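Worksheet for the structure shown next.
In this note's numbering, the protein residues as written are 5 to 83.
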């Protein structure tokens, strides 16, 4: 899978966690005045975007690249 898919999967997990267990849910739901399924979807998308931005700005180095399966080193000390 590509790096984008990995980031989307991670973002959805983070969004689900935030929507269930933190007060951010209240803020996001109030921000979008959720009264329909579209409002709920927009709130989840907003939470994914916000969580990605926070993680990227604060916790990852500027030159961070998510490793893919092709990038694994095949050298082994026993070989």
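A virtual CB, placed ideally from N, CA and C, is assigned to each residue, including glycine. All values derive from a computational prediction rather than experimental measurement.
Considering only their Cβ atoms, is the gap separating residue 52 from residue 20 smaller than 7 Å? Not a contact, by the Cβ cut-off of 7 Å.
Roughly how many angstroms separate the alpha carbons of residue 49 and residue 62, rounded to a whole number? 20 Å
Sorry if obvious, but does the Cβ on residue 62 come closer than 6 Å to a heavy atom of the ligand GDP? No copy of the ligand GDP occurs in the structure displayed, which carries no ligand at all.
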